[in-house]
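Q: First, the structure itself, so that you have it in front of you.
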Amino acid sequence: MATIRHHARIAASPDEVWKAIADAGSISTWFPLIEESRAADGKRFCTLKGGGKLEEEIVTSDDDLRRFQYRITAGDIPVEFHLGTVDVLPDGDTSLVVYSTDVTPDAVAEQMDGVIAQGLQGLKDHLEV
Numbered sequence: 024m025a026t027i028r029h030h031a032r033i034a035a036s037p038d039e040v041w042k043a044i045a046d047a048g049s050i051s052t053w054f055p056l057i058e059e060s061r062a063a064d065g066k067r068f069c070t071l072k073g074g075g076k077l078e079e080e081i082v083t084s085d086d087d088l089r090r091f092q093y094r095i096t097a098g099d100i101p102v103e104f105h106l107g108t109v110d111v112l113p114d115g116d117t118s119l120v121v122y123s124t125d126v127t128p129d130a131v132a133e134q135m136d137g138v139i140a141q142g143l144q145g146l147k148d149h150l151e152v
């Protein structure tokens with residue numbers, strides 16, 4: 024199993040950052056790879072740019088910890104196991120966002136590494152307008 028970890032400092036309050044992340048169905052507004060998204064019944068459904076699809080189970084959405092976890096359960100990315108975790112931490116007047124993913128097979132990790140970095144940059148760009 025490979026573990027990917029990225030972090031970003033975002034010039035927005037932890038509550039503001041958490042609001043964007045916790046609204047699971049709106050990920051397409053800030054994650055560059057995702058064209059459309061919606062959430063229902065503990066799941067998130069994403070259409071990727073280029074037409075691929077993902078179905079994700081929302082594992083944790085904890086307002087107190089500001090932690091969001093999801094698992095890819097079906098779709099066009101060849102994963103055997105996937106668990107993504109996004110933590111929003113206070114950092115003075117700003118936020119530190121830590122995005123980590125555990126994934127198998129290891130061969131998918133390199134591709135996902137770039138995708139996660141793009142997602143964090145998209146969140147930063149979206150909130151620092």
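No gaps in the numbering here: position 67 of the sequence shown is 90 in my numbering, and each next residue is one more.
Just so you know, even glycine gets a beta-carbon here, dropped at the ideal spot from N, CA and C.
The structure displayed is predicted, hence computed values, not measured ones.
(1) Could you check the C-alpha separation between Asp-99 and Gln-92 for me, to the nearest Å?
(2) In the DSSP output, which residue or residues are listed as bridge partners for Arg-28?
(3) Taking the DSSP output, what are the residues bridged to Leu-106?
(4) Using 8 Å as the threshold, is the region 31 to 43 in touch with the region 116 to 132, meaning 3 or more CB pairs across them?
(5) When the Cα of Thr-127 is compared with those of Asp-38, Thr-83, Gly-107, which residue comes out closest?
(6) If you reduce the DSSP assignment to three classes, tell me which class Ile-100 lands in.
(7) Flag Ala-45 as yes if its beta-carbon sits less than 8 Å from any beta-carbon of chain C, otherwise no.
(8) Compare the Cα-Cα distances from Ala-97 to each of Asp-85, Gly-75, Ile-27 and report the closest residue.
(9) Going by other Cβ atoms of all chains shown within 10 Å of its Cβ, with 16 needed for buried, is Asp-148 buried or exposed?
(10) Check each candidate in Ala-47, Arg-90, Ser-84 and name the one with the smallest Cα separation from Glu-78.
A: Working from what's here:
(1) Asp-99 and Gln-92 have their C-alpha atoms some 20 Å from each other.
(2) Ser-123, per the DSSP bridge assignment.
(3) BP columns for Leu-106 point to Asp-125.
(4) Two segments are said to touch when three or more pairs of C-beta atoms, one from each, lie closer than 8 Å; by this definition the region 31 to 43 touches the region 116 to 132.
(5) Cα-wise, what sits closest to Thr-127 is Gly-107.
(6) Assignment of Ile-100 by DSSP, reduced to helix, strand and coil, places it in the coil class.
(7) Looking at the structure shown, chain C is missing, and only one protein chain is on hand.
(8) Nearest of Asp-85, Gly-75, Ile-27 to Ala-97, Cα basis: Gly-75.
(9) Asp-148 comes out exposed.
(10) Each of Ala-47, Arg-90, Ser-84 was checked against the Cα of Glu-78, and the nearest Cα belongs to Ala-47.
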